[in-house]
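Read in order, the letters of the sequence shown correspond to residues 0 to 132 in numbering that gives the first Met the number 0. Glycine included, each C-beta is placed from N, C-alpha and C at the ideal position. Predicted model, so just to flag it, every value in this text is computed and none were measured. A short write-up of the structure that comes next.
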Amino acid sequence: MSSLITDDEISDESEIVWLEDIDDLDYVRQSLDRLPSRRGKPAYHRDGRMVGYALLGAAAKPSRSSGTFRRRVFWLLPHDRDSEPAGLYAKGAPAEAVDPRTLAARIRGYKTERSEGGPPSTAMRELGITLPL
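See the structure below:
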């Protein structure tokens, strides 16, 4: 499991909205951003591109100090594997990356062999297990 985001921090999620076909992505980066609303497409202020985001349910409470909501945003940088297959992340993945097929509302997601740039292990192939799990 991704240790960067806790179950409590995503407990108010109601839906994940994908802006791209996640079947074509080995991994996505995820972060918790402070946003002005529970719903709607957030503004994006990083290099690269946003590929998805979480919507929060009506019970989600804003921060007392800032009035903002913590929502997950999923993104990729220009040097990530989808754009540069032989680049920096040809094998392995950044710390905040998870396999997008393991993500859902209120589910943190996790890294798989595929997201790490490798094929399924020999044991998995022998058992007939395919990725994602």
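- Within the region 32–120, the complete beta strand (DSSP E) runs of at least 3 residues fall at 48–55 and 68–75.
- Ile4 sits in coil when the DSSP states are folded into three classes, being neither helix nor strand.
- Taking a contact to require three or more Cβ pairs closer than 8 Å, the region 20–40 and the region 88–97 qualify as touching.
- Going by DSSP, Ile15 is part of the beta strand (DSSP E) stretching over Glu12 to Trp17.
- Cβ contact annotation for Ala104 (same chain, cutoff 7 Å, sequence separation greater than five): Glu12, Ser13, Glu14, Ile15 and Ala53, in chain order.
- Spanning the alpha carbons of Glu83 and Pro77 requires a straight line of approximately 8 Å.
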